[in-house]
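A.B. asks: Chains as they are written, first to last, in our numbering: chain A, 3 to 365; chain B, 3 to 365; chain C, 3 to 365; chain D, 3 to 365.
1) I'd like to know if residue 229(D) contacts chain C, where contact means its C-beta is closer than 8 Å to some C-beta of that chain.
2) Would you verify that the beta carbon of residue 150(A) is, or is not, closer than 8 Å to some beta carbon of chain C?
3) Taking the beta carbon of residue 4(B) as the centre, do at least 16 other beta carbons fall within 10 Å, making it buried, or is it exposed?
4) Looking at the secondary structure, which residues open and close the alpha helix (DSSP H) in which residue 19(C) lies?
5) Could you check the C-alpha separation between residue 319(B) and residue 88(B) for me, to the nearest Å?
6) From the DSSP secondary-structure annotation, give me the bridge partner or partners of residue 123(A).
7) Strictly under 8 Å for the Cβ-Cβ distance: is residue 1(D) near chain C by that measure?
8) State the Cα-Cα distance for the pair residue 325(C) and residue 100(C), rounded to the nearest angstrom.
9) May I have a chain-ordered list of the alpha helix (DSSP H) segments no shorter than 4 residues that lie completely inside the region 116 to 182 of chain D?
10) Residue 307(B) by DSSP, collapsed to three states: which one?
11) For residue 36(D) versus residue 270(B), is the C-beta spacing smaller than 8 Å?
12) For a contact defined as C-beta to C-beta under 8 Å, what are the partners of residue 272(A) on chain D?
13) Taking only the alpha-carbon atoms, compute the straight-line gap between residue 94(A) and residue 84(A) and give it to the nearest angstrom.
14) Quick test of your reading: residue 131(A) and residue 300(A), contact by CB under 8 Å. State the CB separation rounded to the nearest angstrom.
15) Distance check for residue 128(A) and residue 110(B), CA to CA, integer angstroms please.
16) Going by DSSP in three states, residue 230(A) sits in which element: helix, strand or coil?
17) Is it true that the region 227 to 245 of chain D meets the region 152 to 160 of chain D, where meeting means three or more beta-carbon pairs spaced less than 8 Å apart?
18) For residue 222(C), which option in 214(C), 233(C), 215(C), 228(C) has the closest C-alpha, if you only look at C-alpha atoms?
19) List, in order along the chain, the chain A residues whose C-beta lies closer than 8 Å to that of residue 256(C)?
20) Taking only beta carbons into account, state which residues of the region 201 to 221 of chain B come closer than 7 Å to chain A, listed in chain order.
21) Output the residue ranges of the beta strand (DSSP E) runs that lie fully inside the region 206 to 276 of chain A and measure 3 residues or longer, sorted by chain position.
22) Just curious, the beta strand (DSSP E) that residue 300(D) is in, first and last residue?
23) Here's the rule: buried if 16 or more other CB atoms are within 10 angstroms of the residue's CB, otherwise exposed. What is residue 1(D)?
24) Would you kindly report the start and end of the unbroken alpha helix (DSSP H) that includes residue 38(D)?
25) Do you know offhand how far residue 333(A)'s Cα is from residue 356(A)'s?
26) Step through the CB atoms of chain A and report whether any lies within less than 8 Å of the CB of residue 294(C).
27) Do you know how far the Cα of residue 215(A) is from the Cα of residue 44(A)?
28) According to a CB-to-CB cut-off of less than 8 Å, which residues of the region 294 to 308 of chain C neighbour chain A?
29) Pull up the distance between the alpha-carbon of residue 296(A) and that of residue 154(C), whole angstroms please.
30) So, is the C-beta of residue 287(B) closer than 8 Å to a C-beta in chain C?
31) If you follow the beta strand (DSSP E) that residue 57(C) is in, where does it begin and where does it stop?
32) Going by C-alpha distance, which of 346(D), 107(D), 16(D) is nearest residue 227(D)?
33) Who are the Cβ neighbours of residue 112(D) in its own chain at under 7 Å, not counting the five residues just before and after it?
34) Residues of chain B with CB under 7 Å from residue 137(D), in chain order?
35) Note down, in chain order, every chain D residue with its Cβ under 8 Å from the Cβ of residue 144(B).
36) Would you say residue 198(D) touches the ligand SAH, meaning its beta carbon is less than 7 Å from a heavy atom?
Rendered as structure tokens:
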């Protein structure tokens, strides 16, 4: 069987990780092209990754018939449009998180993929991170007894690309960008427990106040059936490099896992060196030196799984429905931050950007 | 100047730590007596710690005139009565946390000490734990910039003594027992920021369901002026030994500190050994071996400070007012767990036991 | 280009890791057969790993012409015979550590591969472990200045298979089994510095005295040109699971890296669970839960590299000459343990088993 | 009983720690005076620590009769002279490590104290460090089975005071300065096992080459009766702050303990702060923030013990004989570094400075 042809739709930070992951770890896939609206970036990305074609025309790219999978790594506000166009043109879709900006978009995306019998594969890499997968196995083995508490933190000092800071493109800040990981991880860890409500607290103007109106720090408390509680903490104002960790407590035990510091070598360097970890800043003095960051975060495993799903006609572990459920929780969290109350689920607000539920549409 | 005479009112787990701390680290104090309502325990405690007198009569003991400080280590429901009696009899009072069961009691205790010109010294040892004191200095030096996030966890597998599990004596479970530490630590870290509201989630029936109706796990989110957020997590259902840790994020940095695992030697023992840390359970296999637990938690430093306050006539760092403010937050947290809403401060409910605000008085 | 055909010569613990690594991470290779002298094991291994052929005849297997690479995972005393037979029959050879038992064997193996223009690929996986590779890059970037100290430890509670404990098959104990890693890692870290001498201390009869005369614990100190010192520590008597760590000090900094504990999740489980890490023993209580052990130790990366060398005709990073140099250091270490002196290199003793240099041939 | 009067002989880094330790933790002692040959330093030290008298005349100070204990914190080459003078004048002696420069001096010091019936208390604080004391208890409880391996490291980037770098005053470098800790710790951990031999490797010219001819890095391997092995590693060229750690392996388990990093809070500070730990350098970026360093290293406990010995007439845990035995091991290590052989004990060289055994007296 020939290799599955993937077109990368986007050429930013995350597309780079995808390209590298396909190249090193997904032999059944071939990246046949890359799209960026900036000609120079598109061309440079193709050259760097030895990709045959590059494009600057999104609609033309999505409408083509010479590949199998559109791997969408665009700003959030383009997710729905690109997914629907790709599915309508017969492509399977791999879509970076979060799913989209509104629940209406989510429904339309799911419907478009269903109508065209194409897979909508929601790229939640934490569900493929090997250390977190190990934690999930522990729980499924019963090593921790009955789970009553989960915590997931993802924090750093702010995204690389400008569009994250623009509400119209991102729909929200640290919670929208990274809280989606925690919420998706809860679904994966507690497949049999429905979330009942969300309470959230948000802060802005911490270190990026001049650049964005988005929340820079958020804490969300999710209540599940049976009383299990989940805490999701996110930040764009946390210095010192990426933090991604989980904590699970059950009646029979507890587990702590940390993807970045917890996998690193510990280095002291007087003069510094090239790279320590994502968003690490200076490498002089003590640093937590990471290795195989993409692998440890689950990107290659995720893409392997998605390509295998396409080739074998099997359903992906993380779907459009997961992305939609996460978006519902994000919406509820923003609404809670405004109303200062716990928001019960299901929650289906009318809003064009999730963060408007916190800030109001006027901002 | 002769030594300050201390009478220990109580002979349980915490009284033992106090006795040991006075003996080793507070040369200006002399423990002249101990009270327990159980004669055998009272006598044995006195023998163990080489204390001259032992008593089984609380009222008589509090009314005596031959000592200077009553150090009260009784179950929570006796705190008010004992404090008022001691102050009325001209004693300074050192009082284990939490202050008492109701805000009315708190007011009466503060008033009684004031009327008799006696000190009410609220024993919040975390404010004296040297690692946490170091963290506070970092913050005061500006090392972390402006603080926007704090987290304090204290978790273990449940208290030693029976009375903690009895609502009438304790007034509440894991939050009442240990959340008071986190709330007091917030006050100490953020002296200039008033708490505005509390949101809390509680769970019971986890591992002690047959023994108590108290909450066994709680998460509380406190909002401060300016948007700073504090998270307090407590558990009586967390296996593997004591956890006491803090995390502080500011616009200029972050600090993580852990009093138990974070100070320990790491041991693997096939056959096990005598003691690893508080509530550690088995010592076979891997354990986090602690040392100088009382010192690292701040007990000796706290008692040194209190005795110095008595001798020098200076005000203590942690007072009845602090204990009262903490009790208000505890009350608000229980009420939030019932109403599922954020509770604004000030909050002055009429209730005889804080946990009734969650469970209702009928339970 | 069709896939490179690999025959696994051996069906033990390490062959299992190789099979799994080829399957998951080396798409250019196809494992076409497996040999074990035990029919049942050979058949079961083939079934488990979906390998088409299984064999119980070593000579016949090595002489066949229907595959490209013999991947030799046999007991040490068979390494030379198998390598020479495979090379003579036109196979490239991947050979598990250590290279063989004597320097004469080493020379003959290298010569046989050279004469037949076949690659002799010495499987030192630590040179491919991604965390250690990261450490090496730090050093090459100059992050640590000039290196003056290295330490490598590999310790556990003793090998799985019986043959390790039999001197005739293994040639030595903990040092032979695991010291080869440390010595090879030194060569890789210090490619421009020749080792000048070795001093070693060995112990036996610790926990396996009834089973083996081999050393169960060893410490070796290697001196390099310019005074740089390297310490290699190995044990078969270290309880609590696998330890594999390095430490590098330079005039500009220091780095610490730990492959097992240092990558793990930290778990407390009352009832225990399936597997924590290699040689971990009980999983009740606190454990360091590992994930992707083979990947983190470098097995897949090593095999990918070797297969690429075969396909591209390029030289491997770790060769028979590396294995020979390591064997020379092993010999010198055993001789030092006997003579209690530092042994200068080069050192070419006449001995049939390295450990005889310590114990004498009579034992 | 009145307080025991202590005169601090020396006003450098370590005298400062002693003064602080007496003040905070040894109520039975009173520091009545301080000596430094520099008037300004002597006066300033007295003022800082509220000490009544200061002196610049060593002989006069040691000959006085108005105090009980001479606490000697002088450069190494003055230890013998000061001890003998103090003992002859009827003082008990507390003496900072190492004992002195030659075995002849050691014998004379021990004899002088014996003749005058004064205590010679050898200040090896590691034997009082609470975490290491905990480790020793574990071993004595049998938690680790039979001990076959110990390792002690003490490393930093070089001493504060100039005299350490001058061979005539110090008698040696990193090993002399800090290896004495490891050797003393071995004696304390293995009271029933005699050391049989020492092997050592030394390096100089690493980062202080322009300032000193002393060794800047050393590794020493000690063999004990029964085959137990001890490794002592020391450095003046290890950047990133103080390292002080031990590792103990037995047939029943293992323990790791770290006094500095292993007790610290973990901090990231963009702008830096006042102090992280001894020799830490910059406090910008990630640092390991220490607290109660003197307490965690055992200084107050050691001084408490010594004062109690004086008051109660009991023998100290660490004596002149301990210091002498450590000096013998230091001598053997230097000699090994020169001869490149293992040196058997007892070893009684004629040499005026230990390091001459490595460098030769001509240097």
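Ideal Cβ positions, reconstructed from N, Cα and C, are used throughout, including at glycine.
Keep in mind it's a predicted model, so treat the numbers as computed, not measured.
C.D. replies: Judging by the given coordinates:
1) It does: the Cβ of residue 229(D) has a partner Cβ on chain C nearer than 8 Å.
2) Residue contact check for residue 150(A) against chain C: no CB pair falls below 8 Å.
3) It is exposed - the Cβ of residue 4(B) has fewer than 16 other Cβ atoms within 10 Å.
4) Unbroken alpha helix (DSSP H) run through residue 19(C): 15 to 27.
5) If I take the Cα positions, the gap works out to 21 Å.
6) According to DSSP, residue pairing for residue 123(A) in a beta bridge involves 96(A), 321(A).
7) Because chain D is modelled from 3 through 365, residue 1(D) falls outside the range shown and cannot be assessed.
8) Those two C-alpha atoms are separated by around 7 Å.
9) The qualifying runs are 132 to 143, 169 to 172.
10) Assignment of residue 307(B) by DSSP, reduced to helix, strand and coil, places it in the helix class.
11) No, the pair does not count as a contact, with Cβ atoms beyond the cut-off.
12) In chain order, 241 make up the part of chain D whose C-beta sits under 8 Å from the C-beta of residue 272(A).
13) Straight-line spacing of the CA atoms in residue 94(A) and residue 84(A) works out to 12 Å.
14) That belief holds up - the Cβ atoms of residue 131(A) and residue 300(A) are roughly 4 Å apart, short of 8 Å.
15) Between residue 110(B) and residue 128(A), the C-alpha separation is close to 54 Å.
16) Under the three-state reduction of DSSP, residue 230(A) is assigned to coil, being neither helix nor strand.
17) The region 227 to 245 of chain D makes contact with the region 152 to 160 of chain D, as at least three CB pairs between them are under 8 Å.
18) Selection 214(C), 233(C), 215(C), 228(C) evaluated against residue 222(C) yields 233(C) as nearest (Cα-Cα).
19) Within 8 Å Cβ-Cβ: 269, 270.
20) 201, 203, 205, 208, 209, 219, 221: these are the residues of the region 201 to 221 of chain B whose beta carbon lies less than 7 Å from some beta carbon of chain A, given in chain order.
21) Entirely contained in the region 206 to 276 of chain A, the beta strand (DSSP E) runs reaching 3 residues are, in chain order, 219 to 226, 231 to 237, 245 to 252, 255 to 260, 267 to 271.
22) First-last for residue 300(D): undefined, no H or E at that position.
23) The requested residue 1(D) does not occur in the structure, where chain D is confined to residues 3 to 365.
24) Secondary structure note for residue 38(D): it is in no alpha helix (DSSP H), with a DSSP letter that is neither H nor E.
25) Across the structure, residue 333(A) and residue 356(A) are spaced so that their CA atoms are roughly 5 Å apart.
26) The C-beta of residue 294(C) comes closer than 8 Å to at least one C-beta of chain A.
27) The alpha-carbon atoms of residue 44(A) and residue 215(A) are separated by roughly 30 Å.
28) Result list: 294, 297.
29) If I take the Cα positions, the gap works out to 27 Å.
30) Closer than 8 Å: yes.
31) Bounds of the beta strand (DSSP E) holding residue 57(C) are 55 to 57.
32) Closest by alpha carbon: 346(D).
33) In the same chain as residue 112(D), and ignoring 5 residues on each side of it, the C-beta atoms closer than 7 Å to its own belong to 122, 322, 323, 326, in chain order.
34) The answer, in chain order, is 267.
35) Per Cβ cutoff of 8 Å: 273, 275.
36) The model depicted lacks the ligand SAH and carries no ligand whatsoever.
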